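Here's the structure, in structure tokens; my notes come after.
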Amino acid sequence: MVATTTTDLDLTPYGGVTPDAAWREEVLRLAEERDAVLLAHNYQLPEIQDVAHHTGDSLALSRIAASSTASTIVFCGVHFMAETAKILSPEKTVLIPDERAGCSLADSITAEQLREWKAQHPGAVVVSYVNTTAAVKAETDVCCTSSNAVDVVRSIPEDREVLFCPDQFLGAHVKRVTGRENLHIWAGECHVHAGINGPELAEKAAANPDADLFIHPECGCATSALYLAGEGAVPADQVKILSTGDMLTAARSTNASSVLVATEVGMLHQLRRAAPEIDFRAVNDRASCRYMKMITPAALLRCLREGLDEVTVDQETAERGRDAVRRMIAIGQPGGGE
Ligand code: SF4
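Using our numbering, the letters of the sequence shown correspond one by one to residues 2 to 339.
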């Protein structure tokens, strides 16, 4: 059976609603009526981030979901994130405003492909980035975020082979830092992050020599950024490889007056809110995730009015996936992943 991916679906977002004050009021009223907490990922549209009760990265939001007393979680993000929230909070109703909001990185590997890869490397330890489906997490030994991927791999005995999936750029970053030769990397990528490339970064860095560079390790340019630093083209202390949660922490403590940001452009909204005095600029201002932007004002309203779309994960998959996520939380500083 061929797996259905986000590329097979009609991805025209729900539309026709203006995010004005009346919309905002109605969203909050319906959320209260439904006993729902509204969570928005850092890459969401600004109006969705602004109306949400909490914003953050995928893991931070899943933790908030698990500790919330609300009986319903409305997850404004992409599908695997809502699944992770459901895995960690099986007793709660988890809704996503548009279930077609997938992720090209999570779609890079299916559970069947992972089972085949494992069969080729018996005894290997599987490490999966949190951007994976629940079915892939169920086949995983330990999940990781971009913040603790290095610690997770270091926690595995040296003589064990490691299968790292699905992101090749994060995998290359981990391999470079750990120097581990028995780490095999799946050739998956996020189309948005892979589109942020080295030449573009080099050009922007040369035009803004005093700017800090905040780089997400899933970016195709992470290798270039380290290379540029190694060559002395950019002072090494200006290059910061950070998860989205760590970017916010760094924004509050940097002395730089301008920062070049290499990740999805939705992140600029939170960074500007966190440090309004800093000039944040995108390395690639076309780096916008169409799946994240499917959570429109109309989709959120429909979700709250109709209780749709509900996210479910079968019990066995959820239990196995939960073990992999819990092992991740026990190692290093998980931070927030994407
Ligand atoms: S930005 Fe990339 S990794 Fe993130 S949700 Fe979109 S497709 Fe997936």
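C-beta atoms are modelled at their ideal positions from N, C-alpha and C, and glycine is treated no differently. The model shown is predicted, which means the values in this text are computed figures rather than measured ones.
If you reduce the DSSP assignment to three classes, tell me which class residue i lands in.
{"i": "A37", "result": "strand"}
{"i": "I65", "result": "helix"}
{"i": "A288", "result": "coil"}
{"i": "H42", "result": "strand"}
{"i": "G231", "result": "helix"}
{"i": "M2", "result": "Its pLDDT being 36, under 50, M2 is placed unreliably in this model, and the value from its coordinates should be taken loosely. Residue state, collapsed to three classes: coil."}
{"i": "R282", "result": "strand"}
{"i": "L347", "result": "Absent from the structure is residue 347, since the part of the chain shown begins at 2 and ends at 339."}
{"i": "S129", "result": "strand"}
{"i": "D238", "result": "helix"}
{"i": "L164", "result": "strand"}
{"i": "V49", "result": "The displayed chain sequence assigns Ile, not Val, to residue 49. The answer is helix: DSSP assigns I49 an H, G or I state."}
{"i": "L106", "result": "coil"}
{"i": "H185", "result": "strand"}
{"i": "V18", "result": "coil"}
{"i": "T297", "result": "coil"}
Have a look at residue i and residue j and give me their C-alpha separation to the nearest angstrom.
{"i": "A206", "j": "V262", "result": "11 Å"}
{"i": "S68", "j": "S156", "result": "28 Å"}
{"i": "L202", "j": "Y228", "result": "11 Å"}
{"i": "E315", "j": "E92", "result": "In the sequence under discussion, the amino acid at residue 315 is Asp, which differs from the Glu named in the question. Taking the straight line from one Cα to the other gives about 12 Å."}
{"i": "L60", "j": "P298", "result": "24 Å"}
{"i": "H122", "j": "E162", "result": "8 Å"}
{"i": "P20", "j": "R177", "result": "45 Å"}
{"i": "I1", "j": "A150", "result": "Coverage of the chain is limited to positions 2 through 339, which leaves residue 1 absent and any answer about it impossible."}
{"i": "T133", "j": "A226", "result": "26 Å"}
{"i": "V154", "j": "T179", "result": "8 Å"}
{"i": "T318", "j": "A325", "result": "11 Å"}
{"i": "R30", "j": "L302", "result": "11 Å"}
{"i": "A32", "j": "D160", "result": "51 Å"}
{"i": "D286", "j": "G267", "result": "10 Å"}
{"i": "A53", "j": "A83", "result": "15 Å"}
Excluding the 5 residues preceding and the 5 following residue i in the sequence, name in chain order all residues of the same chain whose CB lies nearer than 7 Å to its CB.
{"i": "Y292", "result": "T7, V79, A102, G103, C104"}
{"i": "A71", "result": "D36, A37, V38"}
{"i": "F281", "result": "V260, V262, L269, L272, R273"}
{"i": "A223", "result": "F170, H174, I216, I242"}
{"i": "V235", "result": "A206, L214, L229"}
Quick one: what's got a C-beta closer than 6 Å to residue i's C-beta in the same chain, skipping five residues either side?
{"i": "H55", "result": "L40, I65"}
{"i": "A125", "result": "E162, L164"}
{"i": "C220", "result": "H194, I197, A263"}
{"i": "G322", "result": "I88, A135, K138, A139"}
{"i": "R328", "result": "V143"}
Could you pull out every residue in the same chain whose Cβ sits closer than 8 Å to the Cβ of residue i, ignoring the five residues on either side in sequence?
{"i": "V344", "result": "With the chain represented from 2 up to 339, any question about residue 344 goes unanswered, as that position is not in the structure."}
{"i": "A257", "result": "D211, A212, D213, Q239, I279"}
{"i": "T13", "result": "none"}
{"i": "L10", "result": "R101, G103"}
{"i": "G189", "result": "L106, S109, I110, C166, P167, D168, Q169"}
Tell me, please, which residues DSSP counts as bridged to residue i.
{"i": "A263", "result": "I216"}
{"i": "T94", "result": "T73"}
{"i": "T56", "result": "A41"}
{"i": "L10", "result": "DSSP output for L10 lists no bridge partner at all."}
{"i": "V143", "result": "V128"}
{"i": "E311", "result": "L96"}
Q) In chain order, what are the residues with a CB under 7 Å from some non-hydrogen atom of ligand 1? A) Y44, V79, C104, S105, L106, A107, N132, C191, H192, V193, H194, E219, E265, C290, Y292, M293, E339
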